[in-house]
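Below is one structure, written out as structure tokens; the observations come after it.
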Amino acid sequence: MVAISRGNSDGAQRELLDTAAKDEVASGAGCPVRLAVFDFDGTSIRGNSPVLLCRYLVKRKMLRKSVVLRILLWGLAYSLRLPQNEAWVRGLVFTAFEGKPKAQVDEFLFRFYDEVIRERFHAQADETMRRYGSEGCVVMVVSATFEPIVLRAMEHHPFDCQISTRMRVAPDGTYTTQVDGACIEGAEKLAAIHRFADARYGAGRWVLEAAYGDHHSDRTLLSAARHAFAVDPDRPLRRTAARFGWTVLDW
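Counting in this note's numbering, the sequence shown runs from 338 upward without gaps.
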């Protein structure tokens with residue numbers, strides 16, 4: 338569920354070196370590594386990438402009508418804040434790709450990002466990520482969306498690493514409709530950050546300097562940060578932000 342970079346391009350190599358340098362400076366100075374963490378959908382970008390992907394697939398007749406109906410019903414229940422199975426709905430979306438080679442599907446999702454998502458990336462998110470990077474923080478995106486979408490964003494925006502939802506690949510190299518591990522959603526975001534950072538830096542050798550989110554399911558993540566930011570928050574998160582004195586941003 339974790340990726341640091343994609344490919345072996347000069348740009349990707351530079352990103353890895355920059356991140357390693359930040360780690361080394363913090364470690365050498367005896368200081369904890371500082372993480373600045375951003376949610377993706379509704380925070381780093383305008384809109385929801387899985388929803389936009391569904392529309393993209395429907396337009397291309399890549400989802401069966403029965404699947405679309407089930408996704409719509411799931412979305413209705415989600416809007417009513419009823420408990421939902423995140424892995425199940427992601428499996429429905431990936432029926433469009435079941436049995437297809439991973440490389441082929443990833444390229445399709447890269448094109449989807451280029452055509453639909455790229456223009457939706459908030460300039461304010463870009464600027465804020467760049468500022469944290471210049472201050473020596475490791476900048477991370479943590480998201481429930483599909484991993485190839487965030488990997489593509491990482492090629493164009495100033496974050497160092499990402500944790501997102503990965504779909505399982507069969508032994509023959511084709512995608513299944515099963516999530517590989519857990520969906521990176523709600524409290525799982527913070528749990529995934531802990532696993533990643535403890536493994537990479539060591540327990541007690543890192544701090545969550547800042548966290549940015551837009552949805553009430555991000556409360557656990559924001560509560561754990563030294564500095565919490567609610568970006569265009571929904572009503573429940575806005576109430577929580579007011580109660581705890583978190584900064585509310587209008588991006």
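From the three backbone atoms N, C-alpha and C, an ideal C-beta is built for every residue, glycine too. Given the structure is predicted, the values throughout are model-derived calculations rather than measurements.
Residues near residue i in its chain [Cβ-Cβ closer than 7 Å; skip 5 each side]
| i | result |
| --- | --- |
| residue 521 | 338, 479, 480, 481, 500, 501, 502, 529 |
| residue 552 | 379, 571, 574 |
| residue 534 | 372, 543 |
| residue 471 | none |
Beta-carbon proximity list for residue i, same chain, < 8 Å, skipping 5 on both sides
| i | result |
| --- | --- |
| residue 515 | 424, 428, 504, 505 |
| residue 401 | 432 |
| residue 392 | none |
Sub-7 Å separation of residue i and residue j beta-carbons
| i | j | result |
| --- | --- | --- |
| residue 433 | residue 394 | yes |
| residue 486 | residue 386 | yes |
| residue 577 | residue 556 | yes |
| residue 495 | residue 466 | yes |
| residue 296 | residue 373 | Look at the range of the chain in this structure, 338 to 588, and you will see that residue 296 is not part of it. |
| residue 568 | residue 512 | no |
| residue 462 | residue 560 | no |
Cβ-based neighbour list, residue i, same chain, cut-off 6 Å, excluding 5 preceding and 5 following
| i | result |
| --- | --- |
| residue 369 | 542, 543, 544 |
| residue 524 | 557 |
| residue 399 | 433 |
| residue 526 | 479, 558 |
Euclidean distance between Cα positions of residue i and residue j
| i | j | result |
| --- | --- | --- |
| residue 477 | residue 587 | 21 Å |
| residue 566 | residue 451 | 27 Å |
| residue 447 | residue 455 | 10 Å |
| residue 405 | residue 390 | 12 Å |
| residue 563 | residue 444 | 37 Å |
| residue 488 | residue 377 | 12 Å |
| residue 383 | residue 539 | 34 Å |
| residue 548 | residue 375 | 6 Å |
| residue 531 | residue 508 | 29 Å |
| residue 484 | residue 449 | 13 Å |
| residue 537 | residue 403 | 43 Å |
| residue 430 | residue 367 | 45 Å |
| residue 426 | residue 490 | 23 Å |
| residue 409 | residue 388 | 10 Å |
| residue 396 | residue 579 | 41 Å |
| residue 453 | residue 460 | 16 Å |
For residue i, three-class secondary structure by DSSP
| i | result |
| --- | --- |
| residue 546 | strand |
| residue 480 | strand |
| residue 378 | strand |
| residue 400 | coil |
| residue 373 | strand |
| residue 567 | strand |
| residue 503 | coil |
| residue 438 | strand |
| residue 368 | coil |
| residue 498 | strand |
Check: residue i C-beta below 6 Å from any heavy atom of the ligand ADP
| i | result |
| --- | --- |
| residue 388 | With respect to the ligand ADP, the structure offers nothing, as it holds no ligand at all. |
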